[in-house]
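To keep things clear, I will list the structure first and then write my remarks on it.
Chains as they are written, first to last, in the working numbering: chain A, 1 to 381; chain B, 382 to 684.
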């Protein structure tokens, strides 16, 4: 199948057969919800499609449906994600396995619909598992796997699959779509671990004292940590079922003998492979570790990389007043690793193009040791 | 149905955490008697979230799902969609929210759910204040009433939520009051048997919020209706009927009592009477209610 990231995400979501989809349109997510509407119109989607009046209500409806025992899906972007913020916390604390695609887009003002990861980065502490994709095949595979991960008895947390605006959402790329029965067998019917049930009436979410609440938070954290083991395991199961593998916490490229390793995510992660190829032609011992999962954070893997090589981090986000979040979290992971080195770049905010040539330039600077500790790349343009 | 014939089963249990004289518990008992155990209730932030009691206990014998303040109608939309997928159309989905969660912060989600034709009952128990947070003004707070955020009395008149709901032309909408158990019971029963969105608003006089004695809750609701400050009506498929004394007031068969006869028993209006009568504001209160009934007669009195 040759199609855009949004339409392939919609295809994956529909093939996972959620009983309830609730969504609100926002550029550049719109073609995703439109694709779902087409699946409804063609009779291929038999679940409920609630066209709500806001993203906040989209997440609330997913929460209600999930609590009542249904598999649920939604999609949003940027301001829509930010409007959901309160309910993102709610879904995670309620331990509801909602699956959502977020199209990474700039936050206003001024209005700007291009790619930037500050929308999802600013939701990183809500308790959602966060994945970042770099190709349409990966989007398809990750959406399917996310339902299995979210609903796993040891996880029961919501999952957010991030795809960069336009570079992925609106770019046609080939993706292999398996037969429906393969997805059906892989996911099985959703069996909720808890639901609002008249046969066994419970009150969910009433007032909770500090001691119980403390345990709730701890349990969420443990579930996220467990996901580090489950994400690659589920990916292997998916590979056995479908033939495609997308699922390690990081994707490694030419890292075996690398003395420098570039860490980035999303579309920059994909572009980075070309930069690595160019630098390798010159005999530079450089590799790429593309971060696929930001939460849970792959601390152990980052430490292994930090022991092996000097790290170069490119952030398409900024924690204003500090630095890029990936750079910051990488350094935090390496705090107790002697002699670990990391150089950070901010690049591509507001949708500013980041080509493989730009990535090459950043890598050269870092390898020469001439970059500042955290450099805003190409500010002079 | 007469009061003595109401089901004896209680879905709101003893030992709940409500204040003495709480109108919400009266409303909940009546509503749940009418709906029965095949009910899932969605509750946003409001006094009922406290009445439910502290985890791991509960005072409800039906499933209750708490959700954020502005989210009751949207959360209920999700529950309803899920139940439809499961073929459980025998279960009633009810959102139970206060006036803050309905008139103000939750109005968008409510309007959206009504417009989408969501098959649920939305019940607003209206005590005319943010009571759970400690008596602050809401869009339902009447003119001149004291709250902790309108210390000298509210400068604005309340919003007529009923009329906003009627503009959605849903299959069933009603106003009632906890002081009229048969009226509450029959309206909720009727709503239960109608498909599509239903809205019921229950006036709920709050002793600590309105500043009256906790044994006067029921009386305070009756006085509101007698004064015309609150009307009992129901609207089925755009066919409007006024009920009880409100019907007699509408038809001119009885005169409404002065609103003053109701508010003089409430400490929240005390500043209108002491140290001296505030004639200007007292007149404005009566004029507002006169205007309301003039509008009702123009729209709904059959010639």
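Where a beta carbon is used, it is the ideal one built from N, C-alpha and C, also for glycine.
Can you give me the start and stop residues for the beta strand (DSSP E) that residue 477 of chain B sits inside? On the second chain, residue 477 of chain B is found 96 positions in, with the first residue counted as 1. Its beta strand (DSSP E) spans residues 473-479.
Spatial neighbours of residue 485 of chain B in its chain, beta-carbon cut-off 7 angstroms, leaving aside the 5 residues before and after: Residue mapping note: residue 485 of chain B aligns to position 104 of the second chain, counting from 1. So the qualifying residues of the chain are 519, 520.
Proximal residues, the segment 25-46 of chain A versus chain B, C-beta separation under 9 angstroms: If you check each beta-carbon in the segment 25-46 of chain A against every beta-carbon of chain B, the ones closer than 9 angstroms belong to 46.
Taking only beta-carbon positions, decide if residue 493 of chain B is within less than 8 angstroms of chain A. Taking the first residue of the second chain as position 1, residue 493 of chain B is located at position 112. Yes, its Cβ sits closer than 8 angstroms to a Cβ of chain A.
Could you spell out the range, first to last residue, of the alpha helix (DSSP H) harbouring residue 491 of chain B? By 1-based counting over the second chain, the position of residue 491 of chain B is 110. Unbroken alpha helix (DSSP H) run through residue 491 of chain B: 488-496.
What does residue 556 of chain B pair with, by DSSP beta-bridge criteria? On the second chain, residue 556 of chain B is found 175 positions in, with the first residue counted as 1. Per DSSP, B:582, B:614.
Note the first and the last residue of the continuous beta strand (DSSP E) segment covering residue 144 of chain A. Walking along the first chain from the start, residue 144 of chain A turns up at place 144. Here residue 144 of chain A belongs to no beta strand (DSSP E); instead the alpha helix (DSSP H) covers 136-151.
Beta strand (DSSP E) runs contained entirely in the segment 632-664 of chain B, provided each spans 3 or more residues: For the segment 632-664 of chain B, not a single whole beta strand (DSSP E) run of length 3 or above is found.
So, at 8 angstroms on beta carbons, what are the nonlocal neighbours of residue 15 of chain A in its own chain, with the 5 sequence-adjacent residues on each side left out? Within the first chain, numbered from 1, the residue matching residue 15 of chain A stands at position 15. Excluding residues within five positions, the ones whose Cβ falls inside 8 angstroms are 144, 177, 180, 183.
Could you round the C-beta distance between residue 157 of chain A and residue 220 of chain A to whole angstroms and report it? I think they count as a contact, below 8 angstroms. The residue you call residue 157 of chain A lines up with position 157 of the first chain. The residue you call residue 220 of chain A lines up with position 220 of the first chain. Right, their Cβ atoms sit about 7 angstroms apart.
Within its chain, find whatever has a CB closer than 7 angstroms to the CB of residue 68 of chain A; leave out the 5 residues flanking it on each side and keep chain order. By one-based count along the first chain, residue 68 of chain A stands at place 68. Only 195, 196 meet the Cβ criterion.
Give a yes or no on whether the minimum CB-CB distance between residue 577 of chain B and chain A is below 8 angstroms. Position 196 of the second chain, counted from the start, is the residue given in the question as residue 577 of chain B. Not flagged as an interface residue toward chain A: residue 577 of chain B, since no C-beta distance is shorter than 8 angstroms.
Tell me where the alpha helix (DSSP H) around residue 420 of chain B begins and ends. The count along the second chain starts at 1 and reaches residue 420 of chain B at position 39. Not the alpha helix (DSSP H): residue 420 of chain B falls in the beta strand (DSSP E), residues 420-424.
Mind the definition here: the segment 492-501 of chain B touches the segment 560-573 of chain B only if three or more C-beta pairs lie below 8 angstroms; say whether that holds. The segment 492-501 of chain B and the segment 560-573 of chain B do not touch, with fewer than 3 CB-CB distances between them shorter than 8 angstroms.
For the alpha helix (DSSP H) holding residue 328 of chain A, just list the boundary residues, first then last. Numbered from its first residue, the first chain carries residue 328 of chain A at position 328. It spans 325-333 - the alpha helix (DSSP H) in which residue 328 of chain A sits, taken as one unbroken run.
Residues that residue 419 of chain B contacts on chain A, provided the C-beta gap is smaller than 9 angstroms: Looking up residue 419 of chain B in the second chain gives position 38. Neighbours of residue 419 of chain B in chain A, taken as residues at a C-beta separation under 9 angstroms, are given in chain order as 198.
Taking residue 393 of chain B and residue 565 of chain B to be in contact with their CB atoms under 8 angstroms, please state how far apart those CB atoms are, rounded to whole angstroms. Looking up residue 393 of chain B in the second chain gives position 12. Looking up residue 565 of chain B in the second chain gives position 184. Between residue 565 of chain B and residue 393 of chain B the Cβ distance is about 14 angstroms, and since that is not below 8 angstroms, they are no contact.
Which two residues bound the contiguous alpha helix (DSSP H) that contains residue 315 of chain A? Locating residue 315 of chain A in the first chain gives position 315, where the first residue counts as 1. First-last for residue 315 of chain A: 310-315, but that is the beta strand (DSSP E), not the alpha helix (DSSP H).
Assuming contact is defined by CB atoms lying nearer than 8 angstroms, are residue 173 of chain A and residue 134 of chain A in contact in what I supplied? In the first chain, the residue the question calls residue 173 of chain A occupies position 173. In the first chain, the residue the question calls residue 134 of chain A occupies position 134. No, these two residues do not count as a Cβ contact at 8 angstroms.
Note down, in chain order, every chain B residue with its Cβ under 8 angstroms from the Cβ of residue 204 of chain A. The residue given as residue 204 of chain A occupies position 204 in the first chain. What residue 204 of chain A touches in chain B: 444, 445, 446, 447.
Mapping the DSSP letters down to three states, classify residue 159 of chain A as helix, strand or coil. Taking the first chain and counting its residues from 1, the one referred to as residue 159 of chain A is at position 159. In the three-state reduction of the DSSP assignment, residue 159 of chain A falls in the strand class.
For residue 119 of chain A, count neighbouring Cβ atoms within 10 angstroms of its own Cβ and tell me buried if that reaches 16, exposed if not. Position 119 of the first chain, counted from the start, is the residue given in the question as residue 119 of chain A. With at least 16 other beta carbons inside 10 angstroms of its own, residue 119 of chain A counts as buried.
Since residue 344 of chain A sits in a beta bridge, which residues does DSSP pair it with? In the first chain, residue 344 of chain A corresponds to position 344, counting from 1. Residue 344 of chain A is bridged by DSSP to A:313, A:374.
Measure the alpha-carbon distance for residue 613 of chain B versus residue 10 of chain A and round it to whole angstroms. Taking the second chain and counting its residues from 1, the one referred to as residue 613 of chain B is at position 232. Taking the first chain and counting its residues from 1, the one referred to as residue 10 of chain A is at position 10. Going by the C-alpha atoms only, they are around 48 angstroms apart.
Bridge partners for residue 287 of chain A per DSSP, in chain order? To locate residue 287 of chain A, count along the first chain from 1; it is residue 287. Listed as beta-bridge partners of residue 287 of chain A by DSSP are A:261.
Straight-line Cα distance separating residue 127 of chain A from residue 255 of chain A: For this step, residue 255 of chain A is matched to residue 255 along the first chain. For this step, residue 127 of chain A is matched to residue 127 along the first chain. Each residue's alpha carbon lies about 31 angstroms from the other.
Give the residues of chain A in contact with residue 435 of chain B, contact being defined as C-beta atoms less than 8 angstroms apart. Here the question's residue 435 of chain B lines up with position 54 in the second chain. Residues of chain A with a Cβ closer than 8 angstroms to the Cβ of residue 435 of chain B are, in chain order, 206, 207, 208, 209.
Would you please verify whether the beta carbon of residue 69 of chain A is less than 8 angstroms from any beta carbon of chain B? Sequence index remark: in the first chain, residue 69 of chain A carries index 69 (1-based). Chain B places a beta carbon closer than 8 angstroms to that of residue 69 of chain A, counting this residue as a contact.
Evaluate contact between the segment 525-532 of chain B and the segment 544-556 of chain B, counting only Cβ atoms and requiring at least three cross-stretch pairs below 8 angstroms. Not touching, per the Cβ criterion.
Three or more C-beta pairs closer than 8 angstroms, one from the segment 267-277 of chain A and one from the segment 352-359 of chain A: is that the case here? Yes, the segment 267-277 of chain A touches the segment 352-359 of chain A.
From what residue to what residue does the alpha helix (DSSP H) around residue 274 of chain A run? Against the first chain, residue 274 of chain A aligns to sequence position 274. Counting along the chain, the alpha helix (DSSP H) containing residue 274 of chain A begins and ends at 266-281.
Go ahead and label residue 348 of chain A buried or exposed: buried means 16 or more other beta carbons lie within 10 angstroms of its beta carbon, across all protein chains shown. Counting from one through the first chain, the residue named residue 348 of chain A turns up at place 348. Here residue 348 of chain A is buried. Its C-beta has 16 or more other C-beta atoms within 10 Å.
Counting Cβ pairs, one atom from each stretch, are 3 or more of them under 8 angstroms apart for the segment 653-670 of chain B and the segment 615-628 of chain B? Here the segment 653-670 of chain B does not lie against the segment 615-628 of chain B, with fewer than 3 beta-carbon pairs under 8 angstroms apart.
Whole beta strand (DSSP E) runs in the segment 4-42 of chain A with 3 or more residues, listed along the chain? Qualifying beta strand (DSSP E) stretches, in chain order: 20-23.
Cutoff 8 angstroms; reference residue 646 of chain B; Cβ partners in own chain excluding five residues on either side: If you number the second chain from 1, residue 646 of chain B lands on position 265. So the qualifying residues of the chain are 593, 597, 601, 604.
Residue-chain proximity (residue 412 of chain B, chain A), Cβ-Cβ < 8 angstroms: Numbered from its first residue, the second chain carries residue 412 of chain B at position 31. With 8 angstroms as the cut-off, residue 412 of chain B does not count as an interface residue toward chain A.
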